[in-house]
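Notes follow the structure.
In the working numbering, the protein residues as written are 8 to 481.
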């Protein structure tokens, strides 16, 4: 320094100087002391109230003037580091045992939270849900037996050449289909059409929230409810005897209607409340006792038709659930979501049994084949994927459309066809046996949002952005 004095900082320090034993350098000794201090810091609790108790235990003041919690914990660690008696007293105390137990529980909870997103979880089933599952189990067994018996009878009474001839004749009837009628039925796009099982009527829902019933032969309106929901109708479905109709809408509600075929009038009976966002699809269980609904709240739900009770709220999607359908036996349910994933659920047990990964864009349609072991999904990628649940794998991929697939429907017979609609303004018809395209129907002037096949497979009804419904017949 200029005045000849030397400060402490000017003194040379040799960190490489070894101690008297020559075992370690000064730097190594200092690092060893710091490591031991940090080790003692780790055994101290992070909770300030426990730090105070520990200080009191070893005879030290709980807090010093203007001392913050981190400094208090550092003081405790320093005391334990330099005073072996205090360290021993701390280790042997009930307080130390309590602190260890708390930290182990916190760590376990943290591990659990980190794995929550990757692991399935189960919640206790209500009494009503357990009863519903028992019923669905017994009902699905009866339906499965009946389906197998009918299939066996068909194979015994028809030779292979006869079955092939029947299939070819059936395919030709679809190949001869053309536009037979058109009717503008709403001021907004048509979002859903659903035919009755007897083929006489079709329920029509629109983005305007209105629901109407039209004749399938002449497309004449017989009943209409204006503003049944605020915003878009997401789903429509008839029960098996066509006396009840359900509709789900943008207002989050599902409404149940009675349809009197004599008076030809729709009458609202009940409202199901529970969803927290738009209802995108609804379906009756084959037994007619239950309803399933898909929603933009990322859940699908199961409801009791008679009581209106929500039996099940099923999570499992990261985005909106858009499509769903019951298997014909009633044991399984397939759902499709905006996260590009389809899932197959066993509703008898309440667990997921298959994940359908094959679409690169959202799934907008899902439909079970009448054979009950295949399910088709249609997505925003223009693909139809057909999945075989017996082998838990994709059985077929069809490059179906040039744009979003909006709806899928199988005809209900021994040699079914699969019908798809799309934003590309086309309806495609495929053989469900050979997977080959039979026919492309064109006639809509804008995007097609929905299509349905009558139970007797003699006509198709479609609807879309051009606000019309169209009839297609042989």
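We put the CB at the ideal spot given by N, CA and C, even for glycine.
| Item | Value |
| --- | --- |
| Identity of the residue in 457, 445 and 155 nearest residue 184 by Cα | 445 |
| Same chain, Cβ closer than 6 angstroms to residue 457, five either side skipped, listed in chain order | 199, 200, 414 and 470 |
| Residue 354 - containing alpha helix (DSSP H), residue span | Per DSSP, residue 354 belongs to no alpha helix (DSSP H) and is neither H nor E. |
| Residues that DSSP places opposite residue 98 in a beta bridge | In the DSSP output, where bridge partners are listed per residue, residue 98 has none listed. |
| Terminal residues of the alpha helix (DSSP H) in which residue 162 lies | 134 to 164 |
| Residue 221 versus residue 130 - alpha carbon distance | 43 angstroms |
| Boundaries of the beta strand (DSSP E) in which residue 309 is found, first to last residue | 307 to 311 |
| Helix, strand or coil at residue 335 according to DSSP, with G and I counted as helix | coil |
| Start and end residues, alpha helix (DSSP H) containing residue 79 | 76 to 89 |
| Beta-carbon gap between residue 191 and residue 466 smaller than 8 angstroms | no |
| CA nearest to the CA of residue 452, picked from 365, 144, 136 and 433 | 433 |
| Helix, strand or coil at residue 361 [DSSP, three-state] | strand |
| Under the three-state DSSP convention, the category residue 121 falls into | Below a pLDDT of 50, predicted positions are generally treated as unreliable, and residue 121, at 46, falls in that range; no measurement from the model is reported. |
| Local Cβ density within 10 Å of residue 399, reported as buried at 16 or more and exposed below that | exposed |
| Residue 459, buried or exposed, once every other Cβ within 10 Å from all chains shown has been counted against 16 | buried |
| Boundaries of the beta strand (DSSP E) in which residue 5 is found, first to last residue | In the structure as shown, the chain begins at 8 and stops at 481. Residue 5 is therefore absent and cannot be evaluated. |
| Candidates 419, 448 and 479: closest to residue 204 by CA position | 419 |
| Test: residue 324 CB closer than 8 angstroms to a CB of chain C | Here there is only one protein chain, and chain C is not present. |
| Alpha carbon of residue 157 to alpha carbon of residue 238, nearest angstrom | 43 angstroms |
| Proximal residues to residue 189 (C-beta, below 6 angstroms), its chain only, five neighbours per side dropped | 475 and 477 |
| Expected contact under 8 angstroms - CB spacing of residue 259 and residue 282 to nearest Å | 5 angstroms |
| Option nearest residue 455 by Cα separation, candidates 410, 180 and 97 | 410 |
| Minimum C-alpha distance to residue 97 - residue among 70, 71, 72 and 66 | 66 |
| Sufficient close CB pairs (3 or more, under 8 angstroms) joining the region 319 to 328 to the region 337 to 349 | yes |
| Entirely enclosed alpha helix (DSSP H) segments - the region 239 to 278, minimum 4 residues | none |
| Buried or exposed (CB count within 10 angstroms, at least 16 for buried), residue 172 | exposed |
| Residue 442 beta carbon less than 8 angstroms from that of residue 405 | yes |
| Enclosing beta strand (DSSP E) for residue 466 [first to last residue] | 466 to 471 |
| The region 348 to 360 contacting the region 306 to 326, beta-carbon criterion three pairs below 8 angstroms | yes |
| First and last residue of the uninterrupted alpha helix (DSSP H) at residue 231 | Where residue 231 is concerned, there is no enclosing alpha helix (DSSP H), although the beta strand (DSSP E) it sits in stretches over 228 to 232. |
| Boundaries of the alpha helix (DSSP H) in which residue 481 is found, first to last residue | Note, residue 481: premise wrong, no alpha helix (DSSP H); not H, not E. |
| Identity of the residues DSSP links to residue 328 by a beta bridge | 344 |
| Coarse secondary structure for residue 189, derived from DSSP in three states | strand |
| Under the three-state DSSP convention, the category residue 407 falls into | coil |
| According to DSSP, residues forming a beta bridge with residue 416 | 426 |
| Residues sharing a beta bridge with residue 92, DSSP | DSSP lists no partner for residue 92. |
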